[in-house]
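Following my numbering, the numbering of the sequence shown begins with 283 at its first residue and continues without gaps. For each residue, glycine too, the CB sits at the ideal point set by N, CA and C.
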Amino acid sequence: LPPTPGRSMIKRPRNEDMFTLGSVFRAKGYDTAFIYGGFGYFDNMNSYFRGNDYLIVDRTDFPKDSIVFENVWGVADEVLYANALKALNDKAAAGKPFFAQIMTTSNHRPYTYPDGRIDIPSPGGRRGGVKYTDWAIGEFIREAKKQPWFADTLFVFVADHCASVAGRTRLPVAKYRIPLIFYAPDMLQPGEYVERVSQIDLAPTLIEIMGKNGDDHFFGRSFFEADAPLDRAFISNYQDLGYLRGDLLTVLSPRRVVRAYKVDPVTFESTPTEVDPQRAREAIAYYQTAASAFKQGRLHAIEAR
283 LPPTPGRSMI
293 KRPRNEDMFT
303 LGSVFRAKGY
313 DTAFIYGGFG
323 YFDNMNSYFR
333 GNDYLIVDRT
343 DFPKDSIVFE
353 NVWGVADEVL
363 YANALKALND
373 KAAAGKPFFA
383 QIMTTSNHRP
393 YTYPDGRIDI
403 PSPGGRRGGV
413 KYTDWAIGEF
423 IREAKKQPWF
433 ADTLFVFVAD
443 HCASVAGRTR
453 LPVAKYRIPL
463 IFYAPDMLQP
473 GEYVERVSQI
483 DLAPTLIEIM
493 GKNGDDHFFG
503 RSFFEADAPL
513 DRAFISNYQD
523 LGYLRGDLLT
533 VLSPRRVVRA
543 YKVDPVTFES
553 TPTEVDPQRA
563 REAIAYYQTA
573 ASAFKQGRLH
583 AIEAR
């Protein structure tokens, strides 16, 4: 989904039948699922994913005896992954290819997790939360390697958002950086992609890697589509909309206020600078196009229009 001003699309009306990874893979015969460690009604996720070609699986669907640990956010990551593996095995046994989005919850305050997994006692703060998350991913991959579908499966690990947006500037660039890992040892050669891209570019990139059609309907672009790197990213909060291109961050704020910042390429520290009118027009064009497309229903799957 493209970045839009104000409230998240997930919480807005008329957000069903959108063009999503779910609609692309469902149309190609895949079973699609959203598997969440918490309660799916949080943030309107049940309604949104159900309306966009996903089967919903959340903590209410997990056998009670499988839940060895839970907190206010949801079940421990290891519980989520164990139940996700069972769901994926069931799909594979039925002879269906699958596409699943699995959303974990452990790496949130209060950063509590089962004892004995890592060398940082629970609650372990952010450092403990990250280390437990890493441990749980490792266990998940080790178990997945035992499954007959592993060799034909692409795993994508990515953050849904950054940890914090507090900082000396309205949109601290360093805190909007997130990890992205593609893992498929039988299909992909090890490597590193160092160019700047945005979270919305993940969907079309994934479709291209999988050799499928449909990436041209997304607002983002595949990492590998252009001759030259995109070198642009979108960062925002509820009030400010940022457009980062090169070393210049342009920020659009309410009441038509436009600010600009020079971004250090190493430290990502931002220093106020003069607004570049062309960059301001580009930022407005991106965000206004996204907002208008949603309002006019042009982000919906073609067959649903």
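Interface flag, residue i vs chain D, CB-CB below 8 Å
i, result
"R399", "Structure shown: chain D not included; a single protein chain is present."
Backbone secondary structure at residue i - three-state DSSP
i, result
"W532", "Checking the sequence shown, residue 532 turns out to be Thr, not Trp. In this structure, T532 counts as strand in the three-state DSSP scheme."
"D313", "strand"
"F324", "helix"
"P559", "helix"
"M300", "strand"
"R486", "Reading off the sequence, residue 486 comes out as Pro, not Arg. P486 falls in the helix class under three-state DSSP."
"I402", "coil"
"P577", "Going by the sequence as given, residue 577 is Lys instead of Pro. Correct three-state label for K577: helix."
"Y569", "helix"
"T286", "coil"
"H443", "coil"
"S480", "coil"
"H499", "helix"
"S388", "coil"
"S504", "coil"
"P554", "strand"
"D509", "coil"
Limits of the unbroken alpha helix (DSSP H) element including residue i
i, result
"V412", "407-426"
"L523", "Premise fails: L523 lies in the beta strand (DSSP E), 523-527, not in any alpha helix (DSSP H)."
Endpoints, the beta strand (DSSP E) within which residue i is located
i, result
"Y458", "Taken as a continuous stretch (DSSP letters only), Y458 belongs to no beta strand (DSSP E), as it is neither H nor E."
"K589", "Here the chain covers residues 283 to 587 and nothing more, so residue 589 does not appear."
"A515", "514-518"
"Y543", "539-545"
"F440", "Looking at the sequence provided, one finds Val at residue 440 rather than Phe. Counting along the chain, the beta strand (DSSP E) containing V440 begins and ends at 437-440."
Anticipated Cβ contact below 8 Å, residue i with residue j, distance rounded
i, j, result
"K544", "L530", "7 Å"
"I419", "F439", "7 Å"
"L370", "G319", "L370 to G319, Cβ: 15 Å. No contact."
"S278", "R514", "Residue 278 lies beyond the residue range present for the chain, which begins at 283 and ends at 587; the question has no answer from this structure."
"V548", "T532", "In fact, because the Cβ distance is near 21 Å, the residues do not count as touching under 8 Å."
"H499", "F301", "5 Å"
"A426", "L367", "7 Å"
"I384", "I317", "5 Å"
"F381", "L303", "7 Å"
"F516", "G528", "Incorrect: roughly 14 Å between the Cβ atoms, too far for contact."
heavy atom of the ligand ZN below 7 Å from residue i C-beta
i, result
"L581", "Within the structure as shown, the ligand ZN is missing, as the structure has no ligands at all."
Within the stretch 329-385, ranges of the alpha helix (DSSP H) (whole runs, at least 4 residues): 359-375
Cβ contact (3+ pairs, closer than 8 Å) linking the stretch 553-569 and the stretch 324-337: no
At least 3 beta-carbon pairs within less than 8 Å: the stretch 429-447 vs the stretch 461-472: yes
Three CB pairs or more closer than 8 Å across the stretch 355-368 and the stretch 391-400: yes
Stretch-stretch touch, CB-based, cutoff 8 Å, three pairs: the stretch 474-490 with the stretch 501-517: yes
Contact between the stretch 305-314 and the stretch 338-351 (3+ Cβ pairs under 8 Å): no
Cβ contact check for the stretch 285-304 and the stretch 329-338: 3 or more pairs under 8 Å: yes
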